[in-house]
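J.: One structure, as structure tokens, below. Some questions next.
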Amino acid sequence: MFHWFSALGLGEFIAYLRSMPLASMSLPGWVFHSLPHALWLFSGCLALHAIWRSDSFRQEQFWVALIAAIAISGELGQAAGFVQGTFDLVDLVLIVSAFAIVQCYIVTDRFLKHPRRNWA
């Protein structure tokens with residue numbers, strides 16, 4: 026990610042921002058290392074919900090589950106050594122938690138807006 030900033034000529038500015046006291050607060054490491062991945066999954070699933078909300082519930086669930094499956098597969102692939110990177114159980118827990126929260130929101134949203142609708 027930081028290579029992109031450098032390519033855009035923002036490398037020094039980003040380095041300055043990262044050196045500021047706010048960026049180096051004593052927050053737990055998972056906030057910096059694991060939470061962003063889970064938030065990307067969360068926002069991607071909510072974006073798909075916004076796109077599919079008026080169409081088929083099953084289609085929406087397929088695409089949302091596909092995004093989650095890709096994220097989970099990446100972590101499990103790291104654990105098995107198929108995917109480059111370091112497996113982190115916290116990453117996996119946060120990814121699954123983000124998916125569960127999104128699912129609760131989607132189902133609740135569908136039920137409240139269309140309680141008698143066939144969700145097929």
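What the sequence shown shows, in my numbering, is residues 26 to 145, in sequence order.
By construction, the Cβ of each residue, glycine as well, lies at the ideal position given by its N, Cα and C atoms.
1. Quick one, which of S51, V115, M45 has its alpha-carbon nearest P61's?
2. Give me the Cα-Cα distance between F87 and F67, rounded to the nearest whole angstrom.
3. Which residue marks the beginning of the alpha helix (DSSP H) containing H74, and which one marks its end?
4. Confirm, please, whether the CB-CB distance from L119 to S59 is below 8 Å.
5. Just tell me which of V127, I97, E85, Y41 has its CA closest to the CA of L117.
6. Suppose contacts are defined by Cβ-Cβ distances below 8 Å. Is F124 in contact with A105 by that definition?
7. Which ranges would you report for the beta strand (DSSP E) in the stretch 89-123 if only whole runs of at least 3 residues count?
8. Please report the straight-line C-alpha distance between G36 and F57, rounded to a whole angstrom.
9. Which word fits C129, buried or exposed, when buried means at least 16 other C-beta atoms lie within 10 angstroms of its C-beta?
T.: For this structure:
1. Working through the sequence shown from its first residue, we reach residue 61 at position 36. Comparing Cα positions, the closest option is V115.
2. As a first step, residue 87 is located in the sequence shown; it is residue number 62 there, counting from the start. As a first step, residue 67 is located in the sequence shown; it is residue number 42 there, counting from the start. Distance between the alpha carbons of F87 and F67 is about 15 Å.
3. As a first step, residue 74 must be located in the sequence shown, where it is residue number 49. Taken as a continuous stretch (DSSP letters only), the alpha helix (DSSP H) holding H74 covers 60-77.
4. Your numbering for residue 59 matches position 34 in the sequence shown. Your numbering for residue 119 matches position 94 in the sequence shown. Taking 8 Å as the Cβ cut-off, S59 and L119 qualify as a contacting pair.
5. For this step, residue 117 is matched to residue 92 along the sequence shown. Nearest Cα to L117 within the set V127, I97, E85, Y41: I97.
6. Indexing the sequence shown from 1 puts residue 124 at position 99. Indexing the sequence shown from 1 puts residue 105 at position 80. No; because the gap between Cβ atoms is not below 8 Å, this pair is not in contact.
7. none
8. In the sequence shown, counting from the first residue as 1, residue 36 sits at position 11. In the sequence shown, counting from the first residue as 1, residue 57 sits at position 32. Computed Cα separation, rounded: 19 Å.
9. Numbered from its first residue, the sequence shown carries residue 129 at position 104. C129 comes out exposed.
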